[in-house]
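Visitor: Respectively, the protein sequence lines represent chains A and B.
According to my numbering, the first sequence is numbered sequentially starting from 6.
According to my numbering, the second sequence is numbered sequentially starting from 72.
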Amino acid sequence: MNRIEIQYFAVLRERAGTSREAVETSAATAAELYDELAARHDFGLPRAMLRVAVNDEFADWSQALAAGDRVVFIPPVAGG
Amino acid sequence: MPAFSFSSGPLEPELHREALADPSAGGYASFEGWVRDHNEGRTVRRLEYEAFETLAVKEGERIVAEAVARFGVTRAACVHRVGSLAVGDLAVWVGVSSAHRGEAFAACRYIIDEVKHRVPIWKKEHYTDGDSGWVNCERCAAAAHEHDHGHAHGPSATAGQADDGAPEVRHDYSRQVALPEVGAAGQAKLAAASVLVVGAGGLGVPVLQYLAAAGIGRIGIVDGDVIEASNLHRQPLYGWPDVGRPKAAVAAERLRTLNHDARIEAHETRASADNIDDLVAHYDLVIECTDNFRAKFLVNDAVVRALKPAVFASVHQYEGQVQVYRPLPHWPCLRCLWPEAPRDGLVGNCAEAGVLGPVPATLGALQAMQALKRLLGLDAGEAPALVTVDLLSLETRRLIARRNPDCDHDNPGAAVEAPVAEAPIELEFPTLADAFESGLELVDIRETWERMHDPPGLQIPTHLPLSALVNGYLQFPTEGRYLIVCAHGVRSRSVTEQLRAQGLAEVYSLRGGLAALRS
Chain A
6 MNRIEIQYFA
16 VLRERAGTSR
26 EAVETSAATA
36 AELYDELAAR
46 HDFGLPRAML
56 RVAVNDEFAD
66 WSQALAAGDR
76 VVFIPPVAGG
Chain B
72 MPAFSFSSGP
82 LEPELHREAL
92 ADPSAGGYAS
102 FEGWVRDHNE
112 GRTVRRLEYE
122 AFETLAVKEG
132 ERIVAEAVAR
142 FGVTRAACVH
152 RVGSLAVGDL
162 AVWVGVSSAH
172 RGEAFAACRY
182 IIDEVKHRVP
192 IWKKEHYTDG
202 DSGWVNCERC
212 AAAAHEHDHG
222 HAHGPSATAG
232 QADDGAPEVR
242 HDYSRQVALP
252 EVGAAGQAKL
262 AAASVLVVGA
272 GGLGVPVLQY
282 LAAAGIGRIG
292 IVDGDVIEAS
302 NLHRQPLYGW
312 PDVGRPKAAV
322 AAERLRTLNH
332 DARIEAHETR
342 ASADNIDDLV
352 AHYDLVIECT
362 DNFRAKFLVN
372 DAVVRALKPA
382 VFASVHQYEG
392 QVQVYRPLPH
402 WPCLRCLWPE
412 APRDGLVGNC
422 AEAGVLGPVP
432 ATLGALQAMQ
442 ALKRLLGLDA
452 GEAPALVTVD
462 LLSLETRRLI
472 ARRNPDCDHD
482 NPGAAVEAPV
492 AEAPIELEFP
502 TLADAFESGL
512 ELVDIRETWE
522 RMHDPPGLQI
532 PTHLPLSALV
542 NGYLQFPTEG
552 RYLIVCAHGV
562 RSRSVTEQLR
572 AQGLAEVYSL
582 RGGLAALRS
């Protein structure tokens, strides 16, 4: 199990009811982590519409996670 | 030599220049004003300068002292001719010596501008047709226009043409020129620059205000909307008397009052595939300030094609994102980050999600800053990134972004062209009863909480909330004839487009949503 710091933006923040949380997870990749959280928080957005950043860099969904990673999920935003 | 003086004989710049020499000076900048052979379409043969010398010398000395204090230059002086001058003669000389060139240029510019504006000097032009007239008394410009003093001033065609009818107060850039990274050279870059702002709403308003105020030479405003009362809380460039007026035109009006140096071009039109390349071609940099993905990707593709830099931003409730595009080989565009162009409506807009004014204001100010940095060349070390700002937690993040090798910058957007629909996507009905009578089955895709306040008798029985559709908990029927309904017609349009793309032919979106219906 890894402890991962997570930050949510926009609609994901609304759904999760928080802008950040820390989770203990066995998810090996960013994709697995999102799927796990999507099930828990009832996220509506499919992964293909989001981007993930790990430790302040945009990453592939297949990126492997390590303990202490900071993961940010970013949906596209259009308001202006 | 005196800081400011008049000379009735020819000026001798070489002599004046020597008087400014100083061991601490690393450079010298000068300006010479010459008598030209034409003014406002008339051929000038010679001219006479007349000054109210006691007053003029005092004011001139004050200006030179201001320049020395303001720009910290070593020495400065100005000599102005009086008497009769021929074409080609030297009319005025300004010289500045200084440790560094930036301050020398800035102080020189300041002195000549202020002298022309504040020192009481009159110029009588003698034309080739034998006629003559007093002109260029800028100090009494306002009075001159009220009391015709024998010279017909041409109409001031463009706000910002300061040569004739210049307002009494000049825009003063000294507080930004004082920055070592800006200086007179930076200010000149801004004056020579042109910027296109797409969208004059919550983001566009601060962008336009700060760019016009900073002295950007030419600003284009693209907006096809009219001002609505619901805009005012986050677009304080507009007031209630403007409601119903075109945004681009009102914004242009306000900006011309803000700074008469700027040339403001209002394009009262929505950015579209037909006009975007043309618009982008006429400006150096583009700032994308709309509230929808369609326009954002339209602008993205146009700037990638035209190899122009652009600054994108979006807001959602208390958050925002800013991204700069630069036409460099390794630099990501908007599609590199979002290869699947998101559809409008799925992630909410200001109308549906709500927004506090300072959120777009903050993000718009950031866009203006990014644009100024680009134009001044202050972003040299900046790696491509998406910057996120959260105004609730006051956290910002720079997320480093990279070029997506699958994103074709030679042919931007080609891989993701939206399917062309044969039938119109949207239908318009005056009332809900008319919609029910259309023979289409009405489907309400609003969330449950949005339906709670629907008046009895105006409820739509078929309810498939968008969140459940997106989650896959509910499926849209694969056949039938449907009219999809939401609050403002944005989400329903997006769902309709997706269903059309999936092959459902007879599905439509209620234009403007329930808000557009007569009750």
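Quick reminder that beta carbons are idealized off the backbone N, C-alpha and C, glycines included.
None of these values were measured; they are calculated from a predicted model.
1. Applying the 10 Å Cβ sphere with the 16-neighbour rule, what's the burial state of residue 129 of chain B?
2. How big is the Cα-Cα spacing for residue 241 of chain B and residue 369 of chain B?
3. Which residue's Cα is closest to the Cα of residue 438 of chain B: B/99, B/380 and B/325?
4. Tell me the DSSP secondary structure of residue 579 of chain B in three-state form.
5. Strictly under 8 Å for the Cβ-Cβ distance: is residue 458 of chain B near chain A by that measure?
6. Under 8 Å, with one C-beta from each stretch per pair, do the segment 530–543 of chain B and the segment 453–460 of chain B reach the 3-pair mark?
7. Quick check on residue 431 of chain B: buried or exposed, where buried means 16 or more other Cβ atoms within 10 Å of its Cβ?
8. Is DSSP giving residue 431 of chain B helix, strand or coil here?
9. Look at the alpha carbon of residue 475 of chain B and the alpha carbon of residue 398 of chain B, and state the distance between them as a whole number of angstroms.
10. Mind pulling the chain A residues with CB within less than 8 Å of residue 541 of chain B?
11. Provide the residue span of the alpha helix (DSSP H) that contains residue 7 of chain A, from first to last.
12. Select from the segment 366–390 of chain B all residues with a C-beta closer than 8 Å to any C-beta belonging to chain A, and list them in chain order.
13. Could you tell me which residues DSSP pairs with residue 547 of chain B in its beta bridges?
14. Answer with buried or exposed for residue 210 of chain B, where buried requires no fewer than 16 other C-beta atoms within 10 angstroms of its C-beta.
15. Counting Cβ pairs, one atom from each stretch, are 3 or more of them under 8 Å apart for the segment 349–356 of chain B and the segment 43–55 of chain A?
16. Per DSSP, residue 591 of chain B is paired with what?
17. Compute the Euclidean distance between the alpha carbons of residue 337 of chain B and residue 365 of chain B, then round it to the nearest angstrom.
18. Buried or exposed for residue 123 of chain B, going by 16 or more other Cβ atoms inside 10 Å?
19. Give the range of the beta strand (DSSP E) segment to which residue 338 of chain B is assigned.
20. Between A/11, A/7 and A/15, which has its C-alpha nearest residue 50 of chain A's C-alpha?
21. Our contact map puts residue 579 of chain B next to residue 512 of chain B with C-beta atoms below 8 Å; I'd like the distance itself, whole angstroms only.
22. Tell me whether residue 151 of chain B is buried or exposed, calling it buried when 16 or more other Cβ atoms sit within 10 Å of its Cβ.
23. Here's the rule I'm using: 16 or more other beta-carbon atoms within 10 Å means buried, otherwise exposed. How should residue 433 of chain B be labelled?
24. What are the complete beta strand (DSSP E) segments, minimum 3 residues, inside the segment 103–149 of chain B?
25. What residues in its chain sit with their C-beta under 8 Å from that of residue 402 of chain B, if we drop five residues either side in the sequence?
26. Of the residues A/39, A/27 and A/73, which one's Cα is nearest the Cα of residue 17 of chain A?
27. Return the chain-ordered list of same chain residues with a C-beta closer than 6 Å to the C-beta of residue 537 of chain B, the five sequence neighbours on each side being excluded.
28. Output the distance between the C-alpha atoms of residue 497 of chain B and residue 113 of chain B, rounded to the nearest integer angstrom.
29. Assign residue 301 of chain B to buried or exposed, taking buried as 16 or more other Cβ atoms, counted over all protein chains shown, within 10 Å of its Cβ.
30. Within the 8 Å Cβ cut-off, does residue 6 of chain A reach chain B?
31. Look up residue 409 of chain B in the DSSP assignment and say whether it is helix, strand or coil.
32. Can you name the residues of chain A whose CB is closer than 8 Å to the CB of residue 408 of chain B?
33. Return the CA-CA distance between residue 131 of chain B and residue 93 of chain B, expressed in angstroms with no decimal places.
34. Assign residue 481 of chain B to buried or exposed, taking buried as 16 or more other Cβ atoms, counted over all protein chains shown, within 10 Å of its Cβ.
35. Would you kindly check if the distance between the Cβ of residue 147 of chain B and the Cβ of residue 98 of chain B is under 8 Å?
36. Express the C-alpha separation of residue 295 of chain B and residue 319 of chain B in angstroms, rounding to a whole number.
Guide: With the given structure in hand:
1. For the purposes of this step, residue 129 of chain B is identified with residue 58 of the second sequence, where counting begins at 1. Residue 129 of chain B comes out exposed.
2. As a first step, residue 241 of chain B must be located in the second sequence, where it is residue number 170. As a first step, residue 369 of chain B must be located in the second sequence, where it is residue number 298. Each residue's Cα considered, the two are about 38 Å apart.
3. As a position in the second sequence, residue 438 of chain B is number 367, starting the count at 1. That would be B/380, whose Cα lies nearest to the Cα of residue 438 of chain B.
4. Here residue 579 of chain B refers to the residue found at position 508 of the second sequence. Residue state, collapsed to three classes: strand.
5. On the second sequence, position 387 is the one that residue 458 of chain B refers to. So, not an interface residue.
6. no
7. Numbered from 1 along the second sequence, position 360 holds the residue referred to as residue 431 of chain B. Result: buried.
8. As a working note, residue 431 of chain B is residue 360 in the second sequence. Three-state result, residue 431 of chain B: helix.
9. Translated into the one-based positions of the second sequence, residue 475 of chain B becomes position 404. Translated into the one-based positions of the second sequence, residue 398 of chain B becomes position 327. C-alpha separation (whole angstroms): 14 Å.
10. To locate residue 541 of chain B, count along the second sequence from 1; it is residue 470. What residue 541 of chain B touches in chain A: 49, 50 and 51.
11. The sequence position of residue 7 of chain A within the first sequence is 2, counting from 1. From DSSP, residue 7 of chain A is part of no alpha helix (DSSP H) but of the beta strand (DSSP E) over 7–13.
12. 367, 384, 385, 386, 387, 388 and 390
13. Mapped onto the second sequence, residue 547 of chain B falls at position 476. In DSSP, residue 547 of chain B forms no bridge with anything.
14. Sequence index remark: in the second sequence, residue 210 of chain B carries index 139 (1-based). Residue confidence for residue 210 of chain B is low, a pLDDT of 41 falling below 50, so the modelled location carries little weight; the figure read from the coordinates is stated next. Result: buried.
15. no
16. This structure gives no information on residue 591 of chain B, because the portion of chain B shown stretches from 72 to 590.
17. Within the second sequence, the letter at position 266 stands for residue 337 of chain B. Within the second sequence, the letter at position 294 stands for residue 365 of chain B. Approximately 21 Å between the Cα atoms of the pair.
18. One-based indexing of the second sequence puts residue 123 of chain B at position 52. Exposed.
19. Looking up residue 338 of chain B in the second sequence gives position 267. First-last of the beta strand (DSSP E) with residue 338 of chain B: 334–338.
20. The sequence position of residue 50 of chain A within the first sequence is 45, counting from 1. Of A/11, A/7 and A/15, the residue nearest in Cα terms is A/15.
21. Position 508 of the second sequence, counted from the first residue, corresponds to residue 579 of chain B. Position 441 of the second sequence, counted from the first residue, corresponds to residue 512 of chain B. The Cβ separation is near 11 Å, so there is no contact.
22. As a first step, residue 151 of chain B is located in the second sequence; it is residue number 80 there, counting from the start. That one is buried.
23. Numbered from 1 along the second sequence, position 362 holds the residue referred to as residue 433 of chain B. The residue in question, residue 433 of chain B, is buried, as its Cβ has 16 or more Cβ neighbours within 10 Å.
24. 113–122
25. To locate residue 402 of chain B, count along the second sequence from 1; it is residue 331. Contacts found: 396, 455 and 474.
26. Position 12 of the first sequence holds residue 17 of chain A. Closest by alpha carbon: A/39.
27. Residue numbering aside, residue 537 of chain B sits at position 466 when the second sequence is read from its first letter. 516 and 562, listed in sequence order.
28. Sequence index remark: in the second sequence, residue 497 of chain B carries index 426 (1-based). Sequence index remark: in the second sequence, residue 113 of chain B carries index 42 (1-based). Whole-angstrom Cα-Cα distance: 59 Å.
29. One-based indexing of the second sequence puts residue 301 of chain B at position 230. The residue in question, residue 301 of chain B, is exposed, as its Cβ has fewer than 16 Cβ neighbours within 10 Å.
30. Here residue 6 of chain A corresponds to residue number 1 of the first sequence, with the count starting at 1. No - not a single Cβ of chain B is within 8 Å of the one on residue 6 of chain A.
31. Sequence index remark: in the second sequence, residue 409 of chain B carries index 338 (1-based). Correct three-state label for residue 409 of chain B: coil.
32. Along the second sequence, one-based indexing puts residue 408 of chain B at 337. Here the neighbours are 56 and 63.
33. The residue given as residue 131 of chain B occupies position 60 in the second sequence. The residue given as residue 93 of chain B occupies position 22 in the second sequence. Taking the straight line from one Cα to the other gives about 22 Å.
34. In the second sequence, counting from the first residue as 1, residue 481 of chain B sits at position 410. So residue 481 of chain B counts as exposed.
35. As a first step, residue 98 of chain B is located in the second sequence; it is residue number 27 there, counting from the start. As a first step, residue 147 of chain B is located in the second sequence; it is residue number 76 there, counting from the start. Contact flag unset, no.
36. In the second sequence, counting from the first residue as 1, residue 319 of chain B sits at position 248. In the second sequence, counting from the first residue as 1, residue 295 of chain B sits at position 224. Going from the Cα of residue 319 of chain B to the Cα of residue 295 of chain B covers about 7 Å.
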